[in-house]
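Notes to accompany the following structure.
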Amino acid sequence: MFFNTRRFLFSVSVILASAACSPDKPKFNAIDITGADYAKGFTSTDHNGQNRSLSDFKGKIVVLFFGYTQCPDVCPTSMMELAEVKRLLGADAEKLQGIFVTVDPTRDTAELLKAYMTNFDPTFIAFIPTPEQLAVVAKDYKIYYKKVDGKTPTSYTVDHSAGSYVYDTRGNVRLYSRYGSGAKVLAQDIQTLLNTTP
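Structure below.
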């Protein structure tokens with residue numbers, strides 16, 4: 010009896026190990042956060058004045074980034090990379106939706122954000138949460154942002170998290186892409202999601 014039990018447990022461990030190493034599980038360059046109980050989405054006004062939520066974009070891969078228009082380096086670099094990702098996707102380019110969430114709703118007006126998005130790609134959309142909404146969203150998304158005073162009341166900067174969240178075509182959060190990973194790497198992950206998500 011002891012032998013049979015041990016053999017059974019061994020068989021179960023082999024099955025579990027095989028499942029864990031299954032080639033069916035997609036491999037990503039970014040951090041795989043499939044099944045995360047955070048970053049599940051929110052509703053906000055976009056730069057066109059419409060009330061939008063992530064569920065509006067089901068059927069597309071959504072890449073969501075937090076930033077602000079007066080950011081000197083990280084934000085424009087990230088948005089340029091996302092525009093390059095779209096180019097690299099070729100025929101699948103229309104399946105990508107870039108979303109920029111401002112962490113500076115005081116200065117980032119709808120007009121300013123619309124011009125900012127158009128500068129990178131006219132299909133990209135900016136969300137403009139109120140300061141109160143932003144505090145809630147930042148907590149849910151585990152992102153950091155903090156106003157840093159400048160020489161004048163309006164010349165402040167905002168320190169903030171620099172990664173991007175990636176959602177599959179069903180609207181489920183799947184990946185966290187670190188800043189600086191590069192357009193080719195992100196494009197590969199998006200293509201993998203498109204190929205493995207029904």
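The sequence shown begins at 10 in my numbering and counts up by one. For each residue, glycine too, the CB sits at the ideal point set by N, CA and C.
A direct Cα-to-Cα measurement between residue 81 and residue 48 gives close to 26 Å. For the pair residue 123 and residue 204, the CB atoms are not nearer than the 9 Å cut-off. C-alpha of residue 95 to C-alpha of residue 101: approximately 8 Å in a straight line. DSSP places residue 122 in the helix class (H, G or I) of the three-state scheme. Look at residue 161 here: in three-state DSSP terms it is coil, with no helix or strand label. Annotated as proximal: residue 133 and residue 106, with beta-carbon spacing under 9 Å.
Around the beta carbon of residue 53, a 10 Å sphere encloses 16 or more other beta carbons of the protein chains shown; the residue is thus reported as buried. Taking each of 43, 37, 86, 34 in turn and checking the Cα distance to residue 183, the smallest one comes out for 43.
Fully enclosed alpha helix (DSSP H) runs of no fewer than 4 residues occupy 119-129, 140-150 of the stretch 96-156, in order along the chain.
When the Cα atoms are used, residue 198 and residue 161 turn out to be separated by approximately 42 Å. Cβ-Cβ distances below 6 Å link residue 125 to 78 in the same chain, with the five nearest sequence neighbours on each side left out; the list follows chain order. Taking 9 Å as the cut-off, the beta carbon of residue 169 is found closer than this to the beta carbon of residue 76.
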